[in-house]
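Each remark here refers to the structure printed beneath this line.
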Amino acid sequence: MSYASVVVNLDEIWLKGLNRKFYIKVLRKNIRKTVAALSSADFQYHAEGPKHILESEQGFSNEVIEALIKIPGINSVSPSEKVGLDLEEVRQSISRYFNGQEEMPKTFRITTKRSNKKFPLTSMEVDRQIGGWVKAEFGIPPRMVNPDLTITLRIIEDSIYVSTQTIKAVGGLPVGTSGHVVCMLSGGFDSPVASYLLSKRGTDQTFVFFHAYPYVGEEVLDKISELTRVLSQYQRFAKLFIVPFGEIQKKIADHCKPDYRTVLFRKYMVKTANQLAEKVGAQAIVTGDALSQVSSQTLENMAAMDQASDRPILRPLIGYNKVEIIDLSRQIGTHDISVQPHDDACSLFAPKHPVIRADQRYCAKFGENLGFDESIEKALWQSQLVYFNKTGERNEESAEAYFAKGKRPNKGVSL
Amino acid sequence: MIYLDFAASTPMVAEAQAVLTVTSKVDFANPSSAHKLGKNLMKRLDEVRADFLQSVNADKEYQFYFTSSATESNNLVIQGLTLPAEADYFCSQADHPSVTAPMGFVARETLNKIEHNSSGQVDRETLLNQVCGKSGIVVLSHINNISGIRTPIKELSAQIKEIAPKMHIHIDGAQAFSKFPLSLLESGIDSYAVSGHKMGGPKGVGGLFLRKGIALRPMILGGGHEQGLRASTLNAPALLAWNEAMEAGFRNQERHFQSVSELKNKLVSELQDMDEVEAPFSRSESSPYILGLLVKGVSSDIVLRHLEMSDIYISSSSACSSRKKGDSPVLAALNVPKQRHKEYLRISFGSTSSEEELEKFLSVFKQTVAELRQLGGRK
Chain Z
1 MSYASVVVNL DEIWLKGLNR KFYIKVLRKN IRKTVAALSS ADFQYHAEGP KHILESEQGF
61 SNEVIEALIK IPGINSVSPS EKVGLDLEEV RQSISRYFNG QEEMPKTFRI TTKRSNKKFP
121 LTSMEVDRQI GGWVKAEFGI PPRMVNPDLT ITLRIIEDSI YVSTQTIKAV GGLPVGTSGH
181 VVCMLSGGFD SPVASYLLSK RGTDQTFVFF HAYPYVGEEV LDKISELTRV LSQYQRFAKL
241 FIVPFGEIQK KIADHCKPDY RTVLFRKYMV KTANQLAEKV GAQAIVTGDA LSQVSSQTLE
301 NMAAMDQASD RPILRPLIGY NKVEIIDLSR QIGTHDISVQ PHDDACSLFA PKHPVIRADQ
361 RYCAKFGENL GFDESIEKAL WQSQLVYFNK TGERNEESAE AYFAKGKRPN KGVSL
Chain Y
416 MIYLDFAAST PMVAEAQAVL TVTSKVDFAN PSSAHKLGKN LMKRLDEVRA DFLQSVNADK
476 EYQFYFTSSA TESNNLVIQG LTLPAEADYF CSQADHPSVT APMGFVARET LNKIEHNSSG
536 QVDRETLLNQ VCGKSGIVVL SHINNISGIR TPIKELSAQI KEIAPKMHIH IDGAQAFSKF
596 PLSLLESGID SYAVSGHKMG GPKGVGGLFL RKGIALRPMI LGGGHEQGLR ASTLNAPALL
656 AWNEAMEAGF RNQERHFQSV SELKNKLVSE LQDMDEVEAP FSRSESSPYI LGLLVKGVSS
716 DIVLRHLEMS DIYISSSSAC SSRKKGDSPV LAALNVPKQR HKEYLRISFG STSSEEELEK
776 FLSVFKQTVA ELRQLGGRK
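The listed protein sequences correspond, in order, to chains Z and Y. Once you know that position 257 of the first sequence is 257 in this note's numbering, the rest is easy, because the numbers rise by one and skip nothing. Numbers given in this note's numbering equal positions in the second sequence, counted from 1, plus 415.
This is the structure:
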């Protein structure tokens, strides 16, 4: 099904004051790019106050609608039919809708929203007139609370937009307005959800996965790729660094107390993420930690991680329960990918009794004079980059080639 | 590169490669065509057929049919035999999936599992008790592809036929054909499946020895090829190449058997020095071409990847089931304890495998195992 017009309702941006214009500019660009990537037809985009309207003669497919509701900054999306400032045209539009339906709704209501104050009738008057007509013409009883069908009439400038559904979108702030973060991904449920939550708040993200080959196989890379592809729908585009970490893990395991392996792996992952952040211009690290979900997530162990990081570590899931995280993962489309089993951080290394309250000093001192900085730099240069664009198309590049291009780090912008 | 996964597939032997290079260029006609090109080609293929039959003394009592693979041959027999409702089905869960899958499909719950003793050999007594007086089909693997264990098929089929004369006996010979002397003459074996790419031949060709007079329902219908048993244009170039590989195999059979046995024995004795390494099937009679190992406390996947990093290739389970994680029904049937399944490795040799290769393998293998044991050591 295609819709000729889509009314896009903005979210929090509308609360912004002086810099509202900037947010709108970024959002507008994000929307334009998304629609252009998925639809070869021409379309027009105009803003009428807090309503942005997309119009196309050929209409917008479900694919476009699906993509729009994943753009942070948009509160909801209403596919609509545009008619003139004439109630007769409104009635015709509604008739067309009902004639196309197999089943009639049991109850309905009309909701009129009017931003054109010059329109002769008030919203309530329009509600009454059209409502009365629908009741008479189609025999459907009106119902104010929780009706089966809500027909929304938006009177904007010199048109009325008639829509029968308003689809909830991600909300939040447009990607590109809150800065740039490095998001640590594992194959589990948590980190993708953490990424989603940060996308909602408008951050650009560079993803990083630490690959412990040969202690784990390569199948996990397919999983991580798929997760990144899904997460890229909430971003402007996605860039994933696959960092070879097997050597570093072995080096850690060769020198540390076995109980500290997991905590120290995390420490060096955070160090590497910081190094990467330096190269790409990111200002914070994101992880999927939830307080005490697993042994490395006690307060003491997280403190050890924090200690190793120059940049703030953001943990959006810190207060979430596992069940809540899993529910969210279903909602954002990562559940079925995360649920697939894979070798994670490999049982070979897992200590029988991982330390629960890490000794901060031991963690801080560990690794001095073992050349980890060089190992980390080397691992970053040996990484593989995977890109996903808006159409889900995938491209690869070596990190070496990427760094050699001397790209200016993308600091994003935060206000 | 050091390739030690011959049981999964083999590079073509020089003779076969040479022939294929030529025939794939010039022998492109359809052997079933009515013109001279087709007819000549078909004549040559009939000669190939005769060669195969002669190689195992089967020319009097058997027909030889060309298929695409041993998997197909196994399926043809198992799915194609018309058996009465009371028929019984026997096979081992250690057999190749191309046996266990169709057997499971046709027999459903009535499948009788052939048991193995603690050394992994077929438990002869139990089997004979199971089949006594019954009719249906028994499938045996000449050489088991995971363990390398050899089943004395000629002896066993004779014994089975004595107490169950109506039983059809089918052998999966994929790992054995051309490597071991075999005479089908006056044996109780009713059908024997063979594979091209397991013996230095090309991929995409296989065969089935079938006792004359036994009818099978065809799986592939069409142009009536192979006397109606298996439609599809014959892959003449590949079959001609396979013929070369087969002849080379039989010609060099003894010599290769000797040299590979020496290699395997040397390897086993070196490995015996390592406490954590065990060759669980070495007590049984097994093919010198296949060696199974259990490495205590180390996941075979990781060993494989380490070896791979040194360009050395071995296997941890049948290539067909390597995607699945966890327990192996094959190893379970061979009485390997469940918790050790992920420690199982298979090394398989070819006639071109050399001492140098084995030494290199040993050195990387020993180092890898030592490192990994140390890492996982506290468990």
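Just so it is clear, CB atoms sit at the ideal spot from N, CA and C, and this is done for glycine as well.
CA-to-CA distance, L555 of chain Y to N576 of chain Y, given in whole angstroms
Looking up residue 576 of chain Y in the second sequence gives position 161. Looking up residue 555 of chain Y in the second sequence gives position 140. It is Lys, not Asn, that sits at residue 576 of chain Y in the sequence shown. K576 of chain Y and L555 of chain Y have their C-alpha atoms spaced approximately 14 Å apart.
Nearest-angstrom Cα separation, counted from Y213 of chain Z out to R738 of chain Y
The residue given as residue 738 of chain Y occupies position 323 in the second sequence. The residue given as residue 213 of chain Z occupies position 213 in the first sequence. For R738 of chain Y, the predicted structure reports a pLDDT of 46, less than 50, and the residue's modelled location is therefore unreliable. The matter cannot be settled from this model.
Output needed in chain order: residues of the stretch 261–282 of chain Z with a Cβ under 7 Å from some Cβ in chain Y.
Hits within the stretch: zero.
Going by C-alpha to C-alpha distance, which of Z:A284, Z:I356, Z:Q384 and Z:N9 sits closest to V225 of chain Z?
Residue numbering aside, residue 225 of chain Z sits at position 225 when the first sequence is read from its first letter. For the record, residue 225 of chain Z in the displayed sequence is Ser; it is not Val. Residue Z:Q384 is the option with its Cα nearest to S225 of chain Z.
Please decide whether I417 of chain Y counts as near chain Z, where near means a Cβ-Cβ distance under 8 Å.
The count along the second sequence starts at 1 and reaches residue 417 of chain Y at position 2. For I417 of chain Y, the answer is no, since every Cβ of chain Z falls outside 8 Å of its Cβ.
Could you check what DSSP says for H450 of chain Y in three-state terms: helix, strand or coil?
The residue labelled residue 450 of chain Y in the question sits at position 35 within the second sequence. Three-state result, H450 of chain Y: coil.
Quick check on this structure: which residue in Z:E57, Z:T272 and Z:G49 has the alpha carbon closest to the alpha carbon of S40 of chain Z?
By 1-based counting over the first sequence, the position of residue 40 of chain Z is 40. It is Z:E57 whose Cα lies nearest to the Cα of S40 of chain Z.
Outcome for A308 of chain Z when other beta-carbon atoms lying within 10 angstroms are tallied against a minimum of 16:
Reading the first sequence from its first residue, position 308 is the one you call residue 308 of chain Z. Classification for A308 of chain Z: buried.
Counting only beta-carbon atoms, is L563 of chain Y nearer than 8 Å to chain Z?
Residue 563 of chain Y sits at position 148 when you count from the first residue of the second sequence. The sequence shown places Gly at residue 563 of chain Y, rather than the Leu named in the question. For G563 of chain Y, the answer is no, since every Cβ of chain Z falls outside 8 Å of its Cβ.
Just to confirm, is the Cβ distance from P142 of chain Z to T111 of chain Z under 8 Å?
Working through the first sequence from its first residue, we reach residue 142 of chain Z at position 142. Working through the first sequence from its first residue, we reach residue 111 of chain Z at position 111. Their beta carbons are not under 8 Å apart, which means P142 of chain Z does not touch T111 of chain Z by this criterion.
Select from the stretch 684–716 of chain Y all residues with a C-beta closer than 9 Å to any C-beta belonging to chain Z, and list them in chain order.
If the cut-off is 9 Å between Cβ atoms, the stretch 684–716 of chain Y has V713, S714 and D716 near chain Z.
Are the CB atoms of L370 of chain Z and H255 of chain Z nearer to each other than 8 Å?
Along the first sequence, read from residue 1 onward, the residue named residue 370 of chain Z stands at position 370. Along the first sequence, read from residue 1 onward, the residue named residue 255 of chain Z stands at position 255. A contact, by the Cβ cut-off of 8 Å.
Would you mind telling me which residues of chain B sit closer than 7 Å to A253 of chain Z, beta carbon to beta carbon, in chain order?
Given the protein chain composition of this structure (Z and Y), no chain B is represented.
Under 8 Å between beta-carbons, which chain Y residues line up against G217 of chain Z? List them in chain order, please.
Taking the first sequence and counting its residues from 1, the one referred to as residue 217 of chain Z is at position 217. The answer, in chain order, is D716 and R720.
Own chain residues within Cβ distance below 8 Å of D716 of chain Y, not counting five before or after:
As a first step, residue 716 of chain Y must be located in the second sequence, where it is residue number 301. If we look at D716 of chain Y and ignore the five residues flanking it on each side, its Cβ neighbours are S731 and K757.
Cβ neighbour criterion (16 or more within 10 Å) applied to D148 of chain Z
Here residue 148 of chain Z refers to the residue found at position 148 when the first sequence is read from its first residue. So D148 of chain Z ends up on the exposed side.
Relative to the alpha-carbon of P244 of chain Z, which residue among Z:I376, Z:L10, Z:K200 and Z:V323 has its alpha-carbon at the smallest distance?
Translated into the one-based positions of the first sequence, residue 244 of chain Z becomes position 244. Looking at the Cα atoms, Z:I376 is the closest of the given residues.
Any idea what DSSP makes of M518 of chain Y, helix, strand or coil?
In the second sequence, residue 518 of chain Y corresponds to position 103, counting from 1. Under the three-state reduction of DSSP output, M518 of chain Y falls in the helix class.
At the level of alpha carbons, what is the spacing between R539 of chain Y and L571 of chain Y?
Position 124 of the second sequence, counting from 1, holds the residue named residue 539 of chain Y. Position 156 of the second sequence, counting from 1, holds the residue named residue 571 of chain Y. Rounded to the nearest whole angstrom, the C-alpha separation of R539 of chain Y and L571 of chain Y is 8 Å.
Could you confirm whether any beta carbon from chain Z is found closer than 8 Å to the beta carbon of M724 of chain Y?
Position 309 of the second sequence, counted from the start, is the residue given in the question as residue 724 of chain Y. Chain Z, which has a Cβ nearer than 8 Å to the Cβ of M724 of chain Y, makes this yes.
Taking one C-beta from the stretch 758–767 of chain Y and one from the stretch 694–713 of chain Y each time, how about it: are there three or more such pairs within less than 8 Å?
Here the stretch 758–767 of chain Y lies against the stretch 694–713 of chain Y, with 3 or more beta-carbon pairs under 8 Å apart.
Is there at least one non-hydrogen atom of the ligand SAM closer than 7 Å to the beta-carbon of F776 of chain Y?
Summarising the ligand content, the structure contains no ligands, and the ligand SAM is consequently not present.
Report the residue ranges of all beta strand (DSSP E) runs contained in full by the stretch 270–336 of chain Z; include only those spanning at least 3 residues, in chain order.
Within the stretch 270–336 of chain Z, complete beta strand (DSSP E) segments of at least 3 residues are found at 284–286, given in chain order.
Within a Cβ cutoff of 6 Å, which residues of the same chain sit near S736 of chain Y, ignoring the five residues on either side of it in sequence?
Along the second sequence, one-based indexing puts residue 736 of chain Y at 321. The predicted position of S736 of chain Y is uncertain, since its pLDDT is 46 and thus under 50; a value taken from the coordinates is nonetheless stated next. The answer is none, since no qualifying residue turns up.
Spatial distance of R793 of chain Y from H353 of chain Z (CA atoms)
On the second sequence, residue 793 of chain Y is found 378 positions in, with the first residue counted as 1. On the first sequence, residue 353 of chain Z is found 353 positions in, with the first residue counted as 1. The pLDDT assigned to R793 of chain Y is 44, lower than 50, so where the model puts this residue is not dependable, and the model offers no usable value.
Distance between beta carbons of I13 of chain Z and Y23 of chain Z, contact taken as under 8 Å
Position 23 of the first sequence, counted from the start, is the residue given in the question as residue 23 of chain Z. Position 13 of the first sequence, counted from the start, is the residue given in the question as residue 13 of chain Z. Distance from Y23 of chain Z to I13 of chain Z at the Cβ level is roughly 4 Å; contact confirmed, criterion being Cβ atoms closer than 8 Å.
Chain-ordered chain Y contacts of L348 of chain Z [CB-CB under 7 Å]
Taking the first sequence and counting its residues from 1, one reaches residue 348 of chain Z at position 348. Under a criterion of Cβ atoms nearer than 7 Å, the residues of chain Y adjacent to L348 of chain Z are, in order, S714, I717, L787, L790 and G791.
To the nearest angstrom, how far is the alpha carbon of F60 of chain Z from that of N389 of chain Z?
Residue 60 of chain Z sits at position 60 when you count from the first residue of the first sequence. Residue 389 of chain Z sits at position 389 when you count from the first residue of the first sequence. Cα-Cα distance, rounded: 20 Å.
If we count the other Cβ atoms within 10 Å of its Cβ and call it buried at 16 or more, is P426 of chain Y buried or exposed?
Indexing the second sequence from 1 puts residue 426 of chain Y at position 11. By the neighbour-count rule (16 or more Cβ atoms within 10 Å), P426 of chain Y is not buried but exposed.
Flag this pair as yes or no: are the beta carbons of L231 of chain Z and P192 of chain Z separated by less than 8 Å?
In the first sequence, the residue the question calls residue 231 of chain Z occupies position 231. In the first sequence, the residue the question calls residue 192 of chain Z occupies position 192. One thing to note: L231 of chain Z has its Cβ within 8 Å of the Cβ of P192 of chain Z.
For E400 of chain Z, the three-state DSSP class (helix, strand or coil)
Within the first sequence, residue 400 of chain Z is the residue found at index 400, counting from 1. Three-state result, E400 of chain Z: helix.
Does DSSP put D204 of chain Z in a helix, in a strand, or in coil?
Here residue 204 of chain Z refers to the residue found at position 204 of the first sequence. If DSSP states are grouped into helix, strand and coil, D204 of chain Z belongs with the strands.
Compute the distance between the beta-carbons of I529 of chain Y and H557 of chain Y, then report whether it is under 8 Å.
As a working mapping, residue 529 of chain Y is identified with position 114 in the second sequence. As a working mapping, residue 557 of chain Y is identified with position 142 in the second sequence. I529 of chain Y is not a Cβ neighbour of H557 of chain Y, given a cutoff of 8 Å.
For E396 of chain Z, I'd like the list of residues in its chain whose CB is within less than 7 Å of its CB, leaving aside the five on either flank, ordered along the chain.
As a working note, residue 396 of chain Z is residue 396 in the first sequence. Excluding the 5 residues flanking it on each side, E396 of chain Z has same chain C-beta neighbours closer than 7 Å at Q384, L385 and V386, in chain order.
Nearest-angstrom Cα distance between S292 of chain Z and A358 of chain Z?
Residue numbering aside, residue 292 of chain Z sits at position 292 when the first sequence is read from its first letter. Residue numbering aside, residue 358 of chain Z sits at position 358 when the first sequence is read from its first letter. Spanning the two alpha carbons is a distance of roughly 14 Å.
From G588 of chain Y to K549 of chain Y, what does the alpha carbon distance come to, in whole angstroms?
Mapped onto the second sequence, residue 588 of chain Y falls at position 173. Mapped onto the second sequence, residue 549 of chain Y falls at position 134. So the two alpha carbons sit approximately 24 Å from each other.
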